[in-house]
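Structure first, then comments.
Numbering (the working numbering), first residue to last: 1 to 164.
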């Protein structure tokens, strides 16, 4: 959130507009390590960064609004085939073996009670979600189902064309 907000403050001074791409890459690292606890924290970081963008755009009287701004939130890929086998409540984390020593160069984290399972420590072919708000979102419909008829699926390579 802090780095995204700092970039927005600097880039928004350009009268010609700007493009900003922010990444919360630790989500990927945490899931490669099968580290659910770290992944939850990184998703919170992503949420805070997205909220910083929304709050920045919603500031009044600065010429930046949802008529001239597009926010896209997505992932470049999925990994790990993570599944919650038990519904966890807010703030609940599964029992995790190896907290502090698993992942990031150590063995993958393990879950003895089976509340969470991981099918792989690698990238997977699962679909990822794409969320968008603001200027130009109607252009996404042009590409929905283009490569996968009868669906609303977009291929990530189509994002370039939508943004252009």
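Using N, Cα and C, we set each Cβ at its ideal position, and we do this for glycine too.
It should be emphasised that the depicted structure is a prediction, and the values quoted were computed from it without experimental measurement.
Taking 8 Å as the upper bound for CB-CB distance, residue 117 and residue 83 are in contact here, some 5 Å apart. Residue 120 and residue 85 have their C-alpha atoms roughly 16 Å apart. DSSP places residue 73 in the uninterrupted beta strand (DSSP E) bounded by 70-74. Taken through DSSP and simplified to helix, strand or coil, residue 80 comes out as coil. Residue pairing from DSSP leaves residue 153 without any beta-bridge partner. Cβ neighbours of residue 26 within its own chain (closer than 6 Å, five residues either side excluded): 42. Residues 73 of the same chain have their beta carbon placed closer than 6 Å to that of residue 131, with the five preceding and five following residues left out of the count. Exclusion of the five residues before and after residue 7 leaves 20 and 22 as the residues of its chain whose Cβ lies within less than 8 Å of its Cβ.
Bridge partners of residue 130 according to DSSP: 74. The beta carbons of residue 123 and residue 77 sit about 5 Å from each other, so the pair counts as a contact at 8 Å. For residue 54, the enclosing alpha helix (DSSP H) covers residues 36-57.
Judged by beta-carbon spacing, residue 46 lies beyond the 8 Å limit of residue 134, meaning their Cβ atoms are not closer than that value. Nearest to residue 29 by alpha-carbon distance, out of 16, 65, 109 and 89, is 109. Of the residues assessed, residue 52 falls on the buried side of the cut-off, its CB having 16 or more other CB atoms within 10 angstroms.
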